[in-house]
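**Q** The structure's right below; bear with me while I get my questions together.
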Amino acid sequence: MTRYKQPVSVLVLVHTPELLVLLLERASHAGYWQSVTGSQESGETLVETALRELAEETGIEAAASDLRDWQLTNRYEIFTEWRHRYAPGVLHNTEHVFSLQLPAVQPVVIAPDEHLAYCWLPWRTAAAKCFSWSNRDALLMLPERAHLSAQ
290 MTRYKQPVSV LVLVHTPELL VLLLERASHA GYWQSVTGSQ ESGETLVETA LRELAEETGI
350 EAAASDLRDW QLTNRYEIFT EWRHRYAPGV LHNTEHVFSL QLPAVQPVVI APDEHLAYCW
410 LPWRTAAAKC FSWSNRDALL MLPERAHLSA Q
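So the sequence shown is numbered by the numbering used here: it starts at 290 and just counts up by one.
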């Protein structure tokens, strides 16, 4: 029996108070940089998905209270090359945006089957480096969102 991915995912922006942003380079596409992302698994809440993906992709363990749910969703067409991961006829994914503020830049432990490298960049530079429009747009909102959560 084939297990398909659910067309529901999370995007987790990891950043410092100075708005240095963690980006990961995809193993399947050298040069494709992104924030932490991943599909929701059966029975998981979105927060649980975000925490699991954060730990799997970076080694960062966080509590649910550490995450900020932006209450923002993006719907986008799944790239043709990745559609085989989803049930036949599924063409779109709904992504839910979260952020995690760390006190400072820290080393991370990447999942080598998923990522080649990581880097910490200023938010504008990170936004320009992302291949995904939804990731880019979320990073461009980061200064306002981070400021609001600090109040």
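Glycine included, C-beta positions come from ideal geometry on N, C-alpha and C. All of these numbers come straight from a predicted model, not from anything done at the bench.
1) Along the chain, which unbroken stretches of the beta strand (DSSP E) at least 3 residues long are found entirely within the region 296 to 364?
2) What distance in whole Å lies between the Cβ atoms of residue 326 and residue 398, which are believed to be in contact at a cut-off of 8 angstroms?
3) Identify the residues that DSSP records as bridge partners of residue 436: which are they?
4) Just to confirm before moving on: does the CB-CB distance between residue 385 and residue 299 stay below 8 angstroms?
5) From 349, 292, 294, pick the residue whose C-alpha is nearest to that of residue 388; which is it?
6) Spatial neighbours of residue 374 within its chain, please: CB distance less than 6 angstroms, with the 5 preceding and 5 following residues excluded, ordered by chain position.
7) Use the C-beta contact count for residue 317: other C-beta atoms within 10 angstroms, 16 or more gives buried, fewer gives exposed.
8) Suppose the cutoff is 8 angstroms on Cβ atoms and the five residues either side in sequence are ignored; what does the same chain contact list for residue 435 look like?
9) Distance check for residue 419 and residue 372, CA to CA, integer angstroms please.
10) If we ignore side chains and look at the alpha-carbon of each, how far apart do residue 355 and residue 340 end up?
11) Look at the Cβ atom of residue 381, then the Cβ atom of residue 314, and state whether they are nearer than 8 angstroms.
12) Provide the residue(s) that pair with residue 373 in DSSP beta bridges, ordered along the chain.
13) So, helix, strand or coil for residue 290, using DSSP?
**A** Looking at the atomic coordinates:
1) For the region 296 to 364, whole beta strand (DSSP E) runs of length 3 or above, ordered along the chain, are 297 to 304, 309 to 315, 325 to 328.
2) As a working mapping, residue 398 is identified with position 109 in the sequence shown. As a working mapping, residue 326 is identified with position 37 in the sequence shown. Between residue 326 and residue 398 the Cβ distance is about 17 angstroms, and since that is not below 8 angstroms, they are no contact.
3) Position 147 of the sequence shown, counted from the start, is the residue given in the question as residue 436. Answer is none; residue 436 lacks a bridge partner.
4) On the sequence shown, residue 385 is found 96 positions in, with the first residue counted as 1. On the sequence shown, residue 299 is found 10 positions in, with the first residue counted as 1. Cβ atoms of residue 385 and residue 299: closer than 8 angstroms.
5) Counted from its first residue, the sequence shown places residue 388 at position 99. Ranked by Cα distance from residue 388, the options 349, 292, 294 are led by 349.
6) Sequence index remark: in the sequence shown, residue 374 carries index 85 (1-based). Here the set comprises 294.
7) Stepping through the sequence shown from its first residue, residue 317 is reached at position 28. Residue 317 comes out exposed.
8) Counted from its first residue, the sequence shown places residue 435 at position 146. Correct list, in chain order: 304, 306, 308, 388, 390.
9) Here residue 372 is taken as the residue at index 83 of the sequence shown, counted from 1. Here residue 419 is taken as the residue at index 130 of the sequence shown, counted from 1. Residue 372 and residue 419 have their alpha carbons spaced roughly 21 angstroms apart.
10) For the purposes of this step, residue 355 is taken as residue 66 along the sequence shown, with counting starting at 1. For the purposes of this step, residue 340 is taken as residue 51 along the sequence shown, with counting starting at 1. A straight line joining the alpha-carbon of residue 355 with that of residue 340 spans about 10 angstroms.
11) Working through the sequence shown from its first residue, we reach residue 381 at position 92. Working through the sequence shown from its first residue, we reach residue 314 at position 25. Going by C-beta atoms, residue 381 is not nearer than 8 angstroms to residue 314.
12) Along the sequence shown, one-based indexing puts residue 373 at 84. According to DSSP, residue 373 bridges with nothing at all.
13) As a first step, residue 290 is located in the sequence shown; it is residue number 1 there, counting from the start. Low per-residue confidence applies at residue 290: pLDDT is 45, beneath 50, and the placement is therefore not dependable, though the value from the model is reported in the following sentence. Note: residue 290 maps to coil in three-state DSSP.
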